[in-house]
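This report concerns only the one structure given below.
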Amino acid sequence: MKKLVLSITAVAVMGIILSTCTVATAQNSAGGSSAPHKIGLIDMAHIFKNYEKFKDERKQIEEDLKSASEGAKSKRLEIEKLQEILKGISPTSSEFSVREKEVAGAVADFQADASAIKRELVMKEADLYKRTYLEVTDIISKYAKAYNYTLILRYSAETVEADDGPQDVMRKMGSQVVFHQESDDITNAVLKFMNDQYKPSAASRGTGTRK
């Protein structure tokens, strides 16, 4: 009888222990584990290539470069005229020395202006890339938080084609992403949002957008 009581007690204790362990395990599974990772991919090159705001601002830089080139061309023609005049003057005359200094000054001014213009345009283009990159990463961050992405990786959607040259093949093979689900690529969603957001502001300035 005593052994039977002890056996019943042991079974009861084991039942309590097992119940406690089961509850603890369930609590740990529900509250202790972190949410699963959700990874997205973004093709930054595609964004830059197709973002209307970036294309419009880059076009403006190209137009500035064209205008600067036309201005430089007219100055170069003036220098050529001065050089032609100098050729018709005797090197031993006092006028030759004056004209020679005039040509040298014009050439120096032309080179200085050309360097300044080139530097300014390079800085404008660098600033455009920087501003666009910061804008894109900000949108990506907001998109990731809205759709519960835990990690966004940059990748290239380009694939190796049969007619690719060796350099293209090596460049494309350097991609860290070798397989992904189509739904992982958020590039088009982000690009559409950015272009849709840019259209009203562009229209209000009267610039319009290309289709």
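Quick note: the sequence shown uses the working numbering, first residue 2, plus one each step.
We put the CB at the ideal spot given by N, CA and C, even for glycine.
Buried or exposed: where does residue i fall if 16 or more other Cβ atoms within 10 Å of its Cβ makes it buried?
i	result
residue 54	buried
residue 139	exposed
residue 202	exposed
residue 44	buried
residue 22	Below a pLDDT of 50, predicted positions are generally treated as unreliable, and residue 22, at 42, falls in that range; the measurement from the model is reported next regardless. Residue 22 comes out exposed.
Excluding the 5 residues preceding and the 5 following residue i in the sequence, name in chain order all residues of the same chain whose CB lies nearer than 7 angstroms to its CB.
i	result
residue 95	none
residue 196	52 and 53
residue 149	39
residue 176	156 and 157
residue 181	42
Does the separation of the CB atoms of residue i and residue j fall below 9 angstroms?
i	j	result
residue 39	residue 152	yes
residue 194	residue 133	no
residue 156	residue 187	no
residue 83	residue 100	yes
residue 107	residue 80	yes
Kindly give me the distance between the Cβ atoms of residue i and residue j, rounded to whole angstroms, as I take these residues to be in contact under 8 angstroms.
i	j	result
residue 62	residue 119	Going by Cβ atoms, the distance from residue 62 to residue 119 rounds to 12 angstroms, so no, they are not a contact pair.
residue 178	residue 42	6 angstroms
residue 58	residue 129	5 angstroms
residue 135	residue 66	Between residue 66 and residue 135 the Cβ distance is about 24 angstroms, and since that is not below 8 angstroms, they are no contact.
residue 115	residue 73	6 angstroms
Could you name the residues that DSSP lists as bridge partners for residue i?
i	result
residue 42	154 and 186
Starting from the C-beta of residue i, find all residues in its chain whose C-beta is less than 6 angstroms away, skip the five residues before and the five after it, and write them out in chain order.
i	result
residue 76	111
residue 199	53 and 54
residue 137	48
Identify, in the order they occur along the chain, each residue of the same chain with its Cβ nearer than 8 angstroms to the Cβ of residue i, setting aside the five sequence neighbours on each side.
i	result
residue 104	80, 83, 84 and 87
residue 185	40, 41 and 42
residue 97	87, 90 and 91
residue 192	47, 48, 51 and 52
residue 69	118 and 122
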